[in-house]
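Written below as structure tokens is the structure these notes are about.
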Amino acid sequence: MTEDVLPTIPDWNRRQIDFVLTTVVGVRGSTYRGLAARQLVSADGTMVGTVSGGCLDNDLIAIAAEMGRDAEPRLVKFDLTADDEAVWGWGIGCNGVTELLIESANSAAQFSTVISERPVAILHTLSGPEIGRHQAISEVDPGWGTEVAAAMRDGRHRRLHREGVDYLLEVNSAPPRLVVCGAGHDAVPLVRLGKELGHEVTVVDDRRAFLTRERFPEADRLIQCAPAELSERIEVDDRTAFVVMSHNYLRDVDFLGSLLGKGAAYIGCLGPGERLERMLKDLNARGLVPDPTDRIYGPAGLDVGADGPIEIAWSILSEIMAVRRNRQGGPLVEKKGPAGWRPLP
0 MTEDVLPTIP
10 DWNRRQIDFV
20 LTTVVGVRGS
30 TYRGLAARQL
40 VSADGTMVGT
50 VSGGCLDNDL
60 IAIAAEMGRD
70 AEPRLVKFDL
80 TADDEAVWGW
90 GIGCNGVTEL
100 LIESANSAAQ
110 FSTVISERPV
120 AILHTLSGPE
130 IGRHQAISEV
140 DPGWGTEVAA
150 AMRDGRHRRL
160 HREGVDYLLE
170 VNSAPPRLVV
180 CGAGHDAVPL
190 VRLGKELGHE
200 VTVVDDRRAF
210 LTRERFPEAD
220 RLIQCAPAEL
230 SERIEVDDRT
240 AFVVMSHNYL
250 RDVDFLGSLL
260 GKGAAYIGCL
270 GPGERLERML
280 KDLNARGLVP
290 DPTDRIYGPA
300 GLDVGADGPI
310 EIAWSILSEI
320 MAVRRNRQGG
330 PLVEKKGPAG
340 WRPLP
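Right under this line is the structure:
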């Protein structure tokens, strides 16, 4: 949601609109959004982004009207854990504690300036006389470099406390990458939906006629190459997911063989499990054996009864999300602990 919020801040400031920038800086229990989620709320009720399922909106509108454009930043905690409240407890779908940093328009402008420069990380001051300060830092920063490096390794924002002051360390990770290996008709919704979920999307195929902007307007890159050359043309790392789906057995074997042992975040192979077993057997005959760290999934996707290209695309993207976040992808009703549960920062 930060992407939606960013261009709106200077626009509303130019128009002298009274608004607040709200940022999730603390969570406990079941909460709708995680750390660093953002929402703009104007005094007239206009909203961009979200920090809750809607349960905090009326309070935030009132705060926006009260703070005006020049008020000092403040930290506000919303506790929705009361079991006996039909509206503010279980009834609104949350049962946790959300802590928000709320900044008026002029304070939000400083955040907008800092984040527009795309720093590696931003240190947000949450207490003391400098509350609301936003400082760009990196892993080589002499004071905070160790914490930044650790946060970058696991790709997670974190709360910090030093010398009596609370901070939120926000890491600006590069977007996850999705590489679709095969430009068939069922790749079209996968590319579109993958882009909507925030991926940097690349489509790879050796057939020029299939690899066109008319078919894949949302793709960031279209690469024509032989399947066996895939890893030579695309960086393979732990933030890149690959979906092998050319529907041609020999192409798919070469795509998969090019990825073995390269450390991809996810390798999904369309088609039945028996097909994947045969592919791996043929690759083994070539001397290409999966590394123990290879995350290969076939059939690709979660078992949701998907039928047709759009549903299959959602199934695959859901599995990719689950793998990235170390989740099983099963029904929330079977999950121990509340949905969306997060530990104390």
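Letter by letter, the sequence shown follows residues 0 to 344 of numbering that gives the first Met the number 0. Here a beta-carbon is modelled for each residue, glycine too, at the ideal position from N, C-alpha and C.
- By alpha-carbon distance to residue 296, the top candidate from 193, 279, 11 is 279.
- Closest in alpha carbon position to residue 174, among 197, 167, 183, 182, is 197.
- Taking a cut-off of 8 angstroms for Cβ pairs, the segment 177-190 and the segment 305-321 touch, as three or more such pairs fall below it.
- Note on residue 290: under 16 other CB atoms within 10 angstroms of its CB, so exposed under the neighbour-count rule.
- According to the DSSP assignment, residue 122 belongs to no alpha helix (DSSP H) but to the beta strand (DSSP E) extending over 120-124.
- Less than 9 angstroms divides the Cβ of residue 11 from the Cβ of residue 39.
- Excluding residues up to 5 positions away in sequence, 20, 37, 38, 39, 47, 48 lie with their Cβ nearer than 8 angstroms to the Cβ of residue 4 in the same chain.
- Residues 133 of the same chain have their beta carbon placed closer than 6 angstroms to that of residue 110, with the five preceding and five following residues left out of the count.
- The residues 157, 168, 170, in chain order, have a CB closer than 6 angstroms to that of residue 150 in the same chain once the five nearest residues on each side in sequence are set aside.
- Across the structure, residue 153 and residue 323 are spaced so that their CA atoms are roughly 11 angstroms apart.
- Looking at the DSSP output, residue 76 shares a beta bridge with 98.
- For the set 216, 142, 246, the Cα lying nearest the Cα of residue 226 is the one of 246.
- Within the same chain, and ignoring the five residues on either side of residue 218 in sequence, the residues whose Cβ sits closer than 7 angstroms to its Cβ are 190, 200, 201, 202.
- By the 16-neighbour rule on beta-carbons within 10 angstroms, residue 147 is buried.
- Following the DSSP letters along the chain, one finds residue 109 inside the alpha helix (DSSP H) bounded by residues 104-115.
- When secondary structure is reduced to three states using DSSP, residue 36 falls in the coil class, being assigned neither helix nor strand.
- Note on the segment 8-57: whole beta strand (DSSP E) runs with a minimum of 3 residues are 18-29, 37-41, 46-48, in chain order.
- Here the alpha carbon of residue 195 sits roughly 14 angstroms from the alpha carbon of residue 315.
- Residue pairing for residue 266: DSSP places it in a beta bridge opposite 241, 295.
- The C-beta separation of residue 70 from residue 42 comes to about 12 angstroms, leaving the pair out of contact by the 8 angstroms criterion.
- Taking the C-beta atoms as reference points, residue 243 is found nearer than 9 angstroms to residue 267.
- For residue 311, the three-state secondary structure derived from DSSP is helix.
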